[in-house]
Amino acid sequence: MTMVVGYAPDERGKAALQLAAMLTRSAHDGLIVCTVVPAPWMPGMARVDAEYREYLNQGADQALERARSFLPADVPATYIRYSARSAPAGLLEVAEQHKARLIVLGSSSAGMFGHIALGSVTDRLLHSSHVSIALAPRGFRCPPDARVKRVTAAFGGSESAEDLVLAAATVSADVGASLRIATFAVWSRPAFTTRLGTDPEDLVMQEWRAELDKTVNATLAQVKKLREGPRSVETVIGAGVSWDEAIDDVGWEAGDVLVVGSSELGPVARVFLGSRATKILRHSPVPVVVVPRSRAEELADRATED
Numbered sequence: 120m121t122m123v124v125g126y127a128p129d130e131r132g133k134a135a136l137q138l139a140a141m142l143t144r145s146a147h148d149g150l151i152v153c154t155v156v157p158a159p160w161m162p163g164m165a166r167v168d169a170e171y172r173e174y175l176n177q178g179a180d181q182a183l184e185r186a187r188s189f190l191p192a193d194v195p196a197t198y199i200r201y202s203a204r205s206a207p208a209g210l211l212e213v214a215e216q217h218k219a220r221l222i223v224l225g226s227s228s229a230g231m232f233g234h235i236a237l238g239s240v241t242d243r244l245l246h247s248s249h250v251s252i253a254l255a256p257r258g259f260r261c262p263p264d265a266r267v268k269r270v271t272a273a274f275g276g277s278e279s280a281e282d283l284v285l286a287a288a289t290v291s292a293d294v295g296a297s298l299r300i301a302t303f304a305v306w307s308r309p310a311f312t313t314r315l316g317t318d319p320e321d322l323v324m325q326e327w328r329a330e331l332d333k334t335v336n337a338t339l340a341q342v343k344k345l346r347e348g349p350r351s352v353e354t355v356i357g358a359g360v361s362w363d364e365a366i367d368d369v370g371w372e373a374g375d376v377l378v379v380g381s382s383e384l385g386p387v388a389r390v391f392l393g394s395r396a397t398k399i400l401r402h403s404p405v406p407v408v409v410v411p412r413s414r415a416e417e418l419a420d421r422a423t424e425d
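Here this note's numbering = 1-based position in the sequence shown + 119.
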């Protein structure tokens with residue numbers, strides 16, 4: 120299989136290369152480093168247009184040379200300059216031509232350091248890509264020999280979430296990593312001054328956890344039936360008064376990757392993030408892989424085949 124990393128000649132590019140190296144090393148995939156340059160509106164219009172295109176091509180080639188120097192020596196890659204009407208369109212075309220299963224990107228330089236911030240390219244791809252998208256937090260770095268150690272699947276309790284967990288289990292098995300099923304609860308407790316305290320709210324939370332445990336255990340049972348499962352499996356609930364606190368509550372380590380699925384309201388074959396997944400993505404301190412529902416279903420079917 121192949122992964123495509125969209126390389127930009129700035130800090131986003133370094134983070135994307137670091138993540139691509141870790142993922143490629145873990146999955147033993149091929150890697151394509153791609154820089155997209157604008158396609159001409161009307162070929163051969165004027166000499167000035169040709170000179171401008173030559174300037175863009177030289178800049179792209181220089182960027183690819185920098186990428187070659189940043190990528191670890193143990194990660195072989197193919198470097199290509201691709202002409203397209205836009206960067207998102209070009210990356211999707213390259214991914215389709217090479218049958219890539221993943222497009223790897225960095226975060227916007229305008230975002231918070233250590234977290235994922237969407238720029239124009241990543242935002243458009245997250246609403247249109249039929250290929251899974253891997254996003255590196257801003258400033259992401261890892262050791263030269265880094266591999267994926269644990270895959271965390273963000274579980275929401277729906278039928279598509281079950282497919283996502285099975286897909287994450289398959290990925291975990293492929294890279295020799297453990298699997299963690301995580302559910303996040305943002306719970307703002309109101310301030311009470313009477314002796315009643317917050318008992319009604321606590322009761323609601325307890326009932327929610329009980330129902331969630333049933334759903335998670337049912338999904339966990341399916342994971343344990345897989346022919347080739349992850350190295351180990353655990354479940355965890357992250358709770359807090361904000362998304363940042365809830366996501367931080369589960370704890371994160373080097374080599375962690377978070378997997379989220381696309382919205383059930385969006386097109387089946389494309390990513391289209393929902394509001395919950397977007398909030399998880401924006402507050403994640405580790406790389407995030409966003410999987411379209413069609414891809415999750417495909418991996419889940421593969422995992423449960425006899």
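All C-beta atoms, glycine included, are put in the ideal place defined by N, C-alpha and C.
Q: Look at the alpha carbon of I252 and the alpha carbon of V305, and state the distance between them as a whole number of angstroms.
A: In the sequence shown, counting from the first residue as 1, residue 252 sits at position 133. In the sequence shown, counting from the first residue as 1, residue 305 sits at position 186. If you take the alpha carbons of I252 and V305, they lie about 25 Å apart.
Q) Would R220 pass as a contact of D375 if the rule is Cβ separation under 9 Å? A) As a first step, residue 220 must be located in the sequence shown, where it is residue number 101. As a first step, residue 375 must be located in the sequence shown, where it is residue number 256. No, the Cβ-Cβ distance between R220 and D375 is not below 9 Å.
Q) Alpha carbon to alpha carbon, what distance is there between D193 and G380? A) Within the sequence shown, numbered from 1, the residue matching residue 380 stands at position 261. Within the sequence shown, numbered from 1, the residue matching residue 193 stands at position 74. In a straight line, the C-alpha of G380 is about 31 Å away from that of D193.
**Q.** Simplified DSSP state of E170, which is helix, strand or coil
**A.** Within the sequence shown, numbered from 1, the residue matching residue 170 stands at position 51. Correct three-state label for E170: helix.
Q) From the DSSP output, which residues share a beta bridge with Y201? A) Taking the sequence shown and counting its residues from 1, one reaches residue 201 at position 82. In the DSSP output, where bridge partners are listed per residue, Y201 has V155.
(Q) For R299, tell me which candidate among L211, T289, A272, A280 has the shortest Cα-Cα distance. (A) Position 180 of the sequence shown, counted from the first residue, corresponds to residue 299. Of the listed residues, the one whose Cα sits closest to R299 is A272.
Q. By Cβ distance, which residues of its chain are closer than 7 Å to D168, with the 5 residues on each side in sequence left out?
A. By 1-based counting over the sequence shown, the position of residue 168 is 49. P159.
Q) Nearest to A265 by alpha carbon, out of I222, L190, E215? A) Counted from its first residue, the sequence shown places residue 265 at position 146. That would be L190, whose Cα lies nearest to the Cα of A265.
Q. In whole angstroms, what separates the C-alpha of A426 from that of S351?
A. No answer is possible for residue 426: the residues shown for the chain start at 120 and end at 425.
Q.
Checking the sheet assignment: what are the DSSP bridge partners for A273?
A. Working through the sequence shown from its first residue, we reach residue 273 at position 154. A273 pairs with A301.
Q) Just the Cα atoms here: how many angstroms apart are V123 and I356? A) If you number the sequence shown from 1, residue 123 lands on position 4. If you number the sequence shown from 1, residue 356 lands on position 237. Going from the Cα of V123 to the Cα of I356 covers about 33 Å.
Q. What's the call for K133, buried or exposed, on a 16-neighbour Cβ count within 10 Å?
A. Here the question's residue 133 lines up with position 14 in the sequence shown. Buried.
Q: Answer with buried or exposed for D148, where buried requires no fewer than 16 other C-beta atoms within 10 angstroms of its C-beta.
A: Here residue 148 refers to the residue found at position 29 when the sequence shown is read from its first residue. Buried: at least 16 other Cβ atoms inside 10 Å.
Q. Just how far apart, CA to CA, sit P262 and K343?
A. In the sequence shown, the residue the question calls residue 262 occupies position 143. In the sequence shown, the residue the question calls residue 343 occupies position 224. Taking the straight line from one Cα to the other gives about 32 Å.
Q | Inter-residue spacing [alpha-carbon to alpha-carbon] between D332 and H234 | A | What you label residue 332 is simply residue 213 of the sequence shown in a count that begins at 1. What you label residue 234 is simply residue 115 of the sequence shown in a count that begins at 1. If you take the alpha carbons of D332 and H234, they lie about 29 Å apart.
Q. Does the distance from the CB of A236 to the CB of S226 come in under 9 Å?
A. As a first step, residue 236 is located in the sequence shown; it is residue number 117 there, counting from the start. As a first step, residue 226 is located in the sequence shown; it is residue number 107 there, counting from the start. A contact, by the Cβ cut-off of 9 Å.
Q) Roughly how many whole angstroms lie between the Cα atoms of P404 and P256? A) As a first step, residue 404 must be located in the sequence shown, where it is residue number 285. As a first step, residue 256 must be located in the sequence shown, where it is residue number 137. Going from the Cα of P404 to the Cα of P256 covers about 7 Å.
Q) CB of R299 to nearest heavy atom of the ligand ADP: below 8 Å? A) Looking for the ligand ADP in the displayed structure turns up nothing, as the structure carries no ligands at all.
Q: Alpha carbon to alpha carbon, how far is G125 from R200? Give it in angstroms, no decimals.
A: Residue mapping note: residue 200 aligns to position 81 of the sequence shown, counting from 1. Residue mapping note: residue 125 aligns to position 6 of the sequence shown, counting from 1. Their backbone Cα atoms lie some 10 Å apart in a straight line.
Q) Thinking C-beta only, is F259 closer than 9 Å to P406? A) Numbered from its first residue, the sequence shown carries residue 406 at position 287. Numbered from its first residue, the sequence shown carries residue 259 at position 140. In this structure, F259 lies closer than 9 Å to P406 by Cβ.
Q: Below 8 Å CB to CB, which residues in the same chain sit around R314 once its five sequence neighbours on both sides are set aside?
A: Against the sequence shown, residue 314 aligns to sequence position 195. In this prediction, R314 has a pLDDT of 48, which is less than 50 and means its spatial position is unreliable; what the coordinates show is noted afterwards. Cβ neighbours of R314 beyond the five flanking positions: none.
**Q.** Integer-rounded CB distance, given that V267 should sit under 8 Å from V294
**A.** Taking the first residue of the sequence shown as position 1, residue 294 is located at position 175. Taking the first residue of the sequence shown as position 1, residue 267 is located at position 148. Right, the Cβ-Cβ distance comes to about 5 Å (below 8 Å), so this counts as a contact.
Q) Does the beta-carbon of M120 have 16 or more other beta-carbons within 10 angstroms, so that it is buried, or is it exposed? A) Position 1 of the sequence shown, counted from the start, is the residue given in the question as residue 120. Classification for M120: exposed.
Q) Alpha carbon to alpha carbon, how far is T397 from T154? A) Counting from one through the sequence shown, the residue named residue 397 turns up at place 278. Counting from one through the sequence shown, the residue named residue 154 turns up at place 35. Between T397 and T154, the C-alpha separation is close to 26 Å.
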